[in-house]
Amino acid sequence: MKPAPFEYHAPLSLEEALALKREHGDDGKPLAGGQSLIPAMNFRVAQPSILIDLNKLEELRGIRKKNGALHIGAMTLQSSTEHSDLVAQHAPLLHETIPNIAHPQIRNRGTIGGSLAHADPAAELPVVALALGARFRAQNADAERWLEVGDFFSGLFSVALEPDEILVEIAFPEMPANTGWAFMEIARRSGDYAMAGVAALLTLNDEKIEAAKLVYLNVGDGPVEAMQAQQRLQGATADAAAFAEAAQLAAHEDIDPYGNVHASPEYQRHLVSVLTQRALTKALERASN
Amino acid sequence: MTATHAISFTINGQPHEAAVEPRLLLVDYLRQHMDLTGTHVGCEHGVCGACTILMDGKPVRSCIMLAVQADGHELTTVEGLAEGPDNMHPLQEAFWEAHGLQCGFCTPGFLMTLKPYLEEHPDANEDDIRHAISGNLCRCTGYQHIVDAALLGAKKMHAK
Amino acid sequence: MATRYFGERIKRNEDPKLLTGQALFVDDVNLPGMLHIAFVRSPYAHARIKSVDATEARALEGVEALYTAEDLGDYWRTGVLNVGTPPIEGAVFHERLHPIIAKDKVRHVGEIVACVVAENRYIAEDAANLIMVDYEPLPVHIDPKKAMEDRATLIHDDLDSNLAAHVVQHKGDYAKARQQADVVIEREFVYDRGTAAAMENRGIVAEWDAKAGKLTMWDTTQAPVIIRNGIAGMLGLSEHQVRLIAPFIGGGFGPKILMFYPEEMLLPWIAMGLNRPVKWIEDRNENFYATTQERGQTHVSEIALKQDGTILGVKDTFWHDNGAYDPYGLTIPINTQCTLLGMYRVPNYSTEFTAVFTNKPITSPYRGAGRQHGVFVMERLLDVAAKELGMDKAEIRRKNFIPPDDFPHKHQIIYQDFSELTYDSGNYGPILDKALELIDYQNFYRTRKPQAEKEGKRLGLGLVCYVEGTGIGPYEGARIQVQANGRVSVATGIGTQGQGHYTSYAQIVAEQLGVPVDQIDLVTGDTDQFHWGVGTFASRGAVVAGNAIHAAAKRVRQKILDKAIEEFEGEVSQDQLELVDGHVQILGNPDTAIPLGELAQRANPMRGAVKPGTEPGLEATDYFGPEMGATASGVHAMIVEVDPETMMIDIKKYAVVHDCGEVINPLILDGQIHGGVAQGLGNAFYEELVFDEMGQITNASFMDFLLPTALDVPRMDTAHTVTPSPLNPLGTKGAGEAGAIPVGPLFAQAIEDALGLEGFEIREIPLSPRRLWELVEEHKAK
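Residue numbers (my numbering), protein chains in the order written: chain A, 1 to 289; chain B, 1001 to 1160; chain C, 2001 to 2782.
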């Protein structure tokens, strides 16, 4: 299982990388961690003609707190994020999620931006990005722009980057006060793509739910927000009955899972229902503390 | 398409320069061009861990890295663990004593995963170790003696 | 003798090389001028080949040669029948062998249609992707029953149906037994298995030295001698012109013993034709199709019992998914028939199977080799019977055990070694007792389970028994020599897959010669060193090769003693000598010690004479061929917690009590048990080859074909009882497959126990969280 031939560039600066991207457009595939791309190339299901390796761009690595958000460079390693105190403190949902991504060896090469730009519907990071309302900074040779998360994920393995753009930074806003969080997934084996997974946020106002976020992986074309479930929770008392109703809506109204070799759509719905209740319970615990 | 790229890196402490075709996988470069056949190929899609080597001290899967990507880095393979043929690394000694291998094909991958982990976590318990090696597949041992070997290895590595 | 070696937990001789990355596996062979091979494999499960256009591929730079079926000319052939039909009356067997390269038709996904030889594997794959094959797809058969019913679509056009084999065996009179029964339980079962997925895929290197007239092949085979002999014949060479080396093998588990894979027949011919060494290394994707696997059976079974739980008889009828060809004969389903009987007295037994060709890869034995299916049927029937009769599941089993004084126990049906199935020895009660103790059986039901239930947890206990036929013939051999430097060399033909032969065999020699284990060098799997033997499979290595080595070692020991007596000028008798630490000496008198190396030199003089009727040196060759297999036995027990919402499981405790007679190296034995259980666990709950209607495996990668990890396989408590085999001097029985055999029914029983749903029965393997959820939902809906 060897890859097909390709042209390779390892630019030493972002400027150089963007020039290459401008020149080659969609033919120039950015290579980040390669933990998804290179297996696909080994199977020859992906055959990019040009690879632009971003791994020498130190300027795209780093985690900083700025203006109430955590800014993470697109090429920051998942393992760096996993062990970052800043992340643990200011984005605990992200901190809880990352150990679920594959295995340490993968996280030693995989990047935050690479995973988000790859937009695998079964991936964990898009779900967290949607739950936290992340913002994405894209650059081309002339300019930069910020995309809202709602605009960023545009379909199965698709993101709204222009052919001459590279994702350079992601901002994860801090959660509002009185917010509890939980990330949970159910996978056949530790590190596998999950059969279903959820990122849950619960913002309380006394015992009432001021806002709720429920975002799921592997149940649609990208990260899926359970709109009706969220609506049901808003303003409700945070208790098991509300959670059960939200779970029912999430599982049977808000998602349209495809199923896969490990889980039928029905079983995925069932897991979504179970996970929703468990995640909300956990988020409530954390919000109350 | 067969234009080569110049790379330089350190391998098991020694500097090395080469010119490689971009699509050559790192594991193939090590095995075929450097005769470092201790690192093995099990799946070529990054799941089994038999190809695990250290890059800048951290375990990575060399079957899903390109040789060109080694440029500027420090690589360590299983051949770099022992000081010499009669002087194995304490972790290797532990695997020997605890019968932590049968066919031995997956073993270099386990050694390269465990060495940095046990250096950092001298007090790892069985559960910690099982988590640490959950990304390495073995078909022969059922893992129990590997875990025993790791626990013993930690003791040997940190013995003064 | 001062030091004991046999039975000791000795570190393995082979480990330092393996640990330091210095061990040679086939893919490590790198020869000057070597070329690399990639295959074009059929994406269709059933199709006619209309044309193969390789023009563009041949023109690609770096491509040296390219072969289709036509290019092989007279050399084109099919494989060889590995195991013929056993002498069972009325047995029907249609032998259909796989082609070296598909001609006219492909019958499973992955069959070779063309072969590319290039400078490296990358270019070979590029070229393979340029080859245009025009296929005419045909309807695909993936289900044995449907394949039998449909006579319009024949996988082998010269047969009148898709029947591969039909075998009926019986003992006693089941129909009569059924009439006399108080209770008859009837059930249907489905048991599926998967691919062995050894960490090392298959591989071959072939080199032809035209000047020396010598062909050398490195091959990941479990049967080096047989491959060498067969290849020699195919290529028109003498056996001594062919050297087959099976070096370190990265796990075999059965599929590496299929003899004469297409690639094995093809590579040496190409090497001779091109006069350059060639290498093919299977990749993981190919392995799912190109290497044999085991698959499923569906059983319609019944058991007839008395009210007190005594088994009167069993009847079992099953379909067997054979795959597209049947080079390995009927080993798997016959093992199913025989192993179903287990530890139990079954006075009346009727068993029938229909093996059917399907458009799927070839099935051949994988660790357990059909025993799993039989054990599942019997253990599940007993579980149902226990419930119906209100009996404890351990007690219904114990009640039916063959008593210890009823051995050898003849079963009157034919086993895979073509002899009548006979259990050589066994003592099952103590094994069960020990297992109950390890799993804390009484306490579990009295205290632990009820307590867990109060906490809202679902805990279940599983307990299953099995007998495993091991150590079959025909034979193995060994040559042992004391060298001039005092080290002892041992050569045998059997090969190894990682089970510690370099050490366990050395221990047998050490025990006889008093030489430390690390002074003994084993060579195996090199036909230039030893060219007689069969192979490592069917849990026979320790028994058959071990006993051959034992016999040869005893002869060398005798030669040492004879020579020593000569050295002591006849002033001592044999009983006054001892072999200690590489020396022979008068009992307790180290001043008289002669190093064995020196003795060996004296036995090979530069002057004087070697007496007629004797041989120079201290060397002997011997063979061992058991008249039949020795039966090992065991009990597995497990406590599992099931999350009733997600159906994810967590194994809390796992115990194995095993009896394989005398034990050579307990550390190695435990390793074999652990590894077997891990594969059994994989079979029960993780590994499943998912074929779609077109015969494609939809999960042909390690992403989706799930092998258990260190977080999925529990710590296991192992214990052993020893009931020696009377069939061989060492008293050993095999142990290689034991761990894998009973895990399916163990899971089914334990999970049923955990869920505790009235009337809920699990009758299939593999399970998974999704499948359990579906079964429970179905059950609730009834």
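In this text, a Cβ means the ideal position worked out from N, Cα and C, and glycines have one as well.
Since the model is a prediction, treat every value here as computed from it, not as a measurement.
Within 10 angstroms of the beta-carbon of Gly-2254/C lie 16 or more other beta-carbons, which makes it buried. In the three-state DSSP reduction, Gly-222/A falls in the coil class, being neither helix nor strand. At a cut-off of 8 Å, the C-beta of Tyr-8/A has a neighbouring C-beta in chain B. Contact fails between the segment 2263 to 2272 of chain C and the segment 2171 to 2182 of chain C, because fewer than three Cβ pairs, one in each stretch, are under 8 Å apart. By the neighbour-count criterion, in which a residue is buried when 16 or more other Cβ atoms sit within 10 angstroms of its Cβ, Thr-2055/C is exposed. For the segment 2114 to 2128 of chain C, the beta-carbon criterion of a distance under 7 Å to any beta-carbon of chain B is satisfied by Tyr-2122. With a beta-carbon spacing of about 17 Å, Pro-2766/C and Thr-2646/C fall beyond the 8 Å limit used to define contacts. By the rule that beta-carbons nearer than 8 Å mark a contact, Lys-2/A touches chain C. Trp-2076/C: not part of any beta strand (DSSP E); DSSP gives it neither H nor E.
The beta-carbon distance between Gln-2497/C and Cys-1103/B, rounded to whole angstroms, is 6 Å. This is short enough to meet the 8 Å contact definition. According to DSSP, residue pairing for Pro-2137/C in a beta bridge involves Ala-2047/C. Distance from the CA atom of Glu-2567/C to the CA atom of Gln-2558/C, rounded to whole angstroms, is 14 Å. Ranked by Cα distance from Ala-2740/C, the first of Phe-2376/C, Ala-2600/C and Ser-2573/C is Phe-2376/C.
Residues of chain B with a Cβ closer than 8 Å to the Cβ of Thr-2020/C are, in chain order, Gly-1038, Val-1078, Glu-1079, Leu-1081, Ala-1082, Pro-1085, Met-1088 and Gln-1092. At a beta-carbon threshold of 7 Å, none of the residues of chain C lie near Arg-109/A; the nearest stands roughly 17 Å away. Under the three-state reduction of DSSP output, Gly-2230/C falls in the helix class.
Contact between Phe-172/A and Leu-132/A holds: CB atoms are separated by about 5 Å, below the 8 Å threshold. Given a length threshold of 3 residues, each whole run of the beta strand (DSSP E) inside the segment 1002 to 1071 of chain B is given here in chain order: 1005 to 1011, 1014 to 1020, 1052 to 1055 and 1058 to 1061. The distance from the Cβ of His-2531/C to that of Gly-2495/C is about 12 Å, inconsistent with a contact at the 8 Å cut-off. Between Leu-57/A and the set Leu-125/A, Thr-111/A, Lys-66/A and Glu-7/A, the nearest pair of CA atoms involves Thr-111/A. If you compare the alpha carbons of Tyr-216/A, Ala-229/A, Leu-233/A and Arg-189/A with that of Glu-207/A, the shortest gap goes to Leu-233/A.
The C-alpha of Ala-2542/C is placed about 20 Å away from the C-alpha of Val-2515/C. Ser-1062/B has a beta carbon lying at 8 Å or more from every beta carbon in chain C. Between the alpha carbons of Lys-2211/C and Val-2657/C lies a gap of roughly 57 Å. Between Gly-2582/C and Gly-2486/C a beta carbon distance of about 5 Å is seen, short of the 8 Å cut, so the two are scored as contacting. In the pairwise beta carbon analysis, the segment 2677 to 2689 of chain C is classified as not touching the segment 2500 to 2516 of chain C: fewer than three pairs are separated by under 8 Å. DSSP, reduced to helix, strand and coil, places Gln-2499/C outside both helices and strands of the structure shown, so it counts as coil.
Excluding sequence positions up to five before and after His-2156/C, its CB lies within less than 7 Å of the CB of Arg-2096 and Phe-2357, all in the same chain and listed in chain order. In the DSSP assignment, Ile-2101/C falls outside any alpha helix (DSSP H) and carries neither an H nor an E. Bridge pairing for Cys-2465/C: Val-2635/C [DSSP]. Contact between the segment 2302 to 2320 of chain C and the segment 2065 to 2082 of chain C is absent: fewer than three C-beta pairs spanning the two stretches fall below 8 Å. The continuous alpha helix (DSSP H) containing Thr-276/A extends over residues 265 to 288. Under the 8 Å criterion on CB atoms, Asn-2082/C is classed as non-interfacial with respect to chain A.
With contacts defined by Cβ atoms closer than 8 Å, Glu-2662/C and Ala-2754/C do not form a contacting pair. Of all C-beta pairs linking the segment 2337 to 2344 of chain C to the segment 2084 to 2095 of chain C, fewer than three are shorter than 8 Å, placing the two stretches out of contact. Residues of chain B with a Cβ closer than 7 Å to the Cβ of Thr-2492/C do not exist; the shortest Cβ-Cβ separation is about 18 Å.
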